[in-house]
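Student: Numbering (our numbering), first residue to last: 1 to 375. Glycine included, each C-beta is placed from N, C-alpha and C at the ideal position.
Here's what the structure looks like:
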């Protein structure tokens, strides 16, 4: 295998870039070693704290809903601000449900299931199927074939596995408004529909039953939305739910993309895959403006989250990160970027690099020629 291109070490430190190939320090990235560095209390799951954050997010969503007819309705500039605030809080609530899916919400399986459905069903996300596919992403992060959160395309796969229309859509900065809820969850690109109990995502009867239950929970909220449309109007539904829902989708896609993409990111295959080594391709990004705290540090505590995704709840991520970061930085394998202009970073990266990656065995990587022309 060709070594990672390390010529950038002679330059000023570029943000988000590794200083050393993690494979070179693989023996120092053993999970037992990393776990000993993190304080034991970071692994404690508090149901009280988890419920607090769930109620906080739901309360803020309800407050925004109540504020709309009093302070916002009829004022389009304020409506745009309201859409973004509501969409962001929907995204924050999704992150709480995300903890439920990882079993870090509490020690109780039934509590995780109930609260996960309460957080995700109103967002039209089938909780159990999503938790299953998301577990696959965490188990095989940055595996070129098995990581389905974002499909990875190496240069030789680009033209054969992605249509011209698909390439164009994915480079469009507006595609995240609908791509997650419609393309990924409903139609099942890339690992099967999350709503079809007989789809390729589900391997046994238990998983199919869980899919049916979670889909029924989503259907219940769709019924409530239909009742709202009949009672009021389609336009009222579009303004008060559909538009913020699109903003929530955008946050989900943008955050996930930036957690796992840098121009020098690589993927592994079965021949060279190591869980801890591949986790070093994850990026901690500081969005600033209070955003990181409001959406539960899913951005600036993501490296630790990927290393211990079933062990550390979101409210302990930063303490764990503060403990582990010096060790990883000492090895030269910690990715961090301060990203107050996170939206601009996402638009640039998505347009220039899309879902491209290079492998451990590649020569130093550059975007395919088509991307170079339009960048």
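1) Would you call residue 2 buried or exposed, if buried means 16 or more other Cβ atoms sit within 10 Å of its Cβ?
2) Residue 59: which of 84, 89 and 123 sits nearest, CA to CA?
3) Counting Cβ pairs closer than 8 Å, one from the segment 117-129 and one from the segment 203-219, do we hit at least three?
4) When the Cα atoms are used, what is the spatial distance from residue 222 to residue 124?
5) Once the 5 residues before and after residue 382 are set aside, which same chain residues still bring their CB inside 6 Å of it?
6) Where residue 146 and residue 311 are concerned, what is the direct C-alpha to C-alpha distance, given to the nearest angstrom?
7) By a C-beta neighbour count over all protein chains shown, 10 Å radius and 16 as the cutoff for buried, is residue 18 buried or exposed?
8) Report yes or no: do three or more beta-carbon pairs, one from the segment 288-302 and one from the segment 315-326, lie closer than 8 Å?
9) When the distance is taken between beta carbons, is residue 72 closer than 8 Å to residue 82?
10) Which residue marks the beginning of the beta strand (DSSP E) containing residue 270, and which one marks its end?
11) Who are the near neighbours of residue 251 in its chain, counting only those whose CB is closer than 7 Å to its CB and skipping five residues on each side?
12) DSSP three-state call for residue 376: helix, strand or coil?
13) Pick helix, strand or coil for residue 336, following the three-state DSSP scheme.
14) Can you have a look at residue 242 and say buried or exposed, based on whether 16 or more other CB atoms are within 10 angstroms of its CB?
15) For residue 373, which residues of its own chain have a beta-carbon under 7 Å away from its beta-carbon, when the five flanking residues on both sides are left out?
16) If you run the structure through DSSP and keep just helix, strand and coil, what is residue 35?
17) How many angstroms separate the CA atom of residue 281 from the CA atom of residue 106?
18) Tell me the rounded alpha-carbon separation between residue 53 and residue 114.
19) Rounded to a whole number of angstroms, what is the C-alpha to C-alpha distance between residue 186 and residue 195?
20) Would residue 192 and residue 200 qualify as a contact pair, given that the criterion is a beta-carbon distance under 8 Å?
21) Helix, strand or coil: which one does DSSP assign to residue 4?
22) Can you list, in chain order, the residues of its chain whose CB lies under 6 Å from that of residue 300, leaving out five sequence neighbours each side?
23) Where does the unbroken beta strand (DSSP E) through residue 286 begin, and where does it stop?
24) Grab me the residues of residue 11's own chain with a C-beta within less than 7 Å of its C-beta, minus the 5 sequence neighbours each way, in chain order.
25) With distance defined between alpha-carbon atoms, name the residue in 109, 228, 30 and 344 nearest to residue 275.
26) What is the DSSP secondary structure of residue 260, counted as helix, strand or coil?
Tutor: From the atom records:
1) One-based indexing of the chain shown puts residue 2 at position 2. Confidence at residue 2 is low in this model, with a pLDDT of 38, below 50, so the placement of that residue is unreliable and no value is reported for it.
2) For this step, residue 59 is matched to residue 59 along the chain shown. Comparing Cα positions, the closest option is 89.
3) Because the criterion of three Cβ pairs below 8 Å is met, the segment 117-129 and the segment 203-219 touch.
4) In the chain shown, residue 222 corresponds to position 222, counting from 1. In the chain shown, residue 124 corresponds to position 124, counting from 1. Here the alpha carbon of residue 222 sits roughly 8 Å from the alpha carbon of residue 124.
5) Outside the displayed range of the chain (1 to 375) lies residue 382, so it cannot be described from this structure.
6) Within the chain shown, residue 146 is the residue found at index 146, counting from 1. Within the chain shown, residue 311 is the residue found at index 311, counting from 1. Computed Cα separation, rounded: 22 Å.
7) Looking up residue 18 in the chain shown gives position 18. Under this definition residue 18 is a buried residue.
8) In the pairwise beta carbon analysis, the segment 288-302 is classified as touching the segment 315-326: at least three pairs are separated by under 8 Å.
9) As a working note, residue 82 is residue 82 in the chain shown. As a working note, residue 72 is residue 72 in the chain shown. Taking a C-beta distance under 8 Å as the contact criterion, residue 82 and residue 72 qualify as a contact pair.
10) One-based indexing of the chain shown puts residue 270 at position 270. Note, residue 270: premise wrong, no beta strand (DSSP E); not H, not E.
11) To locate residue 251, count along the chain shown from 1; it is residue 251. 87, 88 and 91, listed in sequence order.
12) Here the chain has residues from 1 to 375 only, and residue 376 is not among them.
13) Stepping through the chain shown from its first residue, residue 336 is reached at position 336. Look at residue 336 here: in three-state DSSP terms it is strand.
14) Working through the chain shown from its first residue, we reach residue 242 at position 242. Only exposed fits residue 242, as fewer than 16 other CB atoms lie within 10 angstroms of its CB.
15) In the chain shown, counting from the first residue as 1, residue 373 sits at position 373. Low confidence applies to residue 373: its pLDDT is 32, below 50, so where it sits in the model is not reliable, and the reading given next is rough at best. Counting only Cβ-Cβ distances below 7 Å, and skipping sequence neighbours, we find nothing.
16) Position 35 of the chain shown holds residue 35. Helix at residue 35.
17) Working through the chain shown from its first residue, we reach residue 281 at position 281. Working through the chain shown from its first residue, we reach residue 106 at position 106. Near 28 Å, if we compare the C-alpha coordinates of residue 106 and residue 281.
18) On the chain shown, position 53 is the one that residue 53 refers to. On the chain shown, position 114 is the one that residue 114 refers to. Taken atom to atom, the span from the alpha-carbon of residue 53 to that of residue 114 is near 15 Å.
19) By one-based count along the chain shown, residue 186 stands at place 186. By one-based count along the chain shown, residue 195 stands at place 195. For the pair residue 186 and residue 195, the Cα-to-Cα distance works out to about 6 Å.
20) By 1-based counting over the chain shown, the position of residue 192 is 192. By 1-based counting over the chain shown, the position of residue 200 is 200. Yes, the Cβ-Cβ distance between residue 192 and residue 200 is below 8 Å.
21) Residue 4 sits at position 4 when you count from the first residue of the chain shown. Bear in mind that the predicted position of residue 4 carries a pLDDT of just 42, short of 50, making it too unreliable to give a figure here.
22) Numbered from 1 along the chain shown, position 300 holds the residue referred to as residue 300. Taking residue 300 as the centre and dropping the five residues before and after it, the same chain places the C-beta of 284, 286 and 292 closer than 6 Å to its C-beta, in chain order.
23) As a working mapping, residue 286 is identified with position 286 in the chain shown. Counting along the chain, the beta strand (DSSP E) containing residue 286 begins and ends at 284-286.
24) By one-based count along the chain shown, residue 11 stands at place 11. In this prediction, residue 11 scores a pLDDT of 36, lower than 50, which makes its location untrustworthy; the coordinate-derived value is nonetheless stated afterwards. The beta carbon of residue 11 sits closer than 7 Å to no other beta carbon from its chain once the five residues preceding and following it are set aside.
25) Position 275 of the chain shown, counted from the start, is the residue given in the question as residue 275. Put simply, of 109, 228, 30 and 344 the residue whose alpha carbon is nearest the alpha carbon of residue 275 is 30.
26) Within the chain shown, numbered from 1, the residue matching residue 260 stands at position 260. Residue 260 sits in a helix when the DSSP states are folded into three classes.
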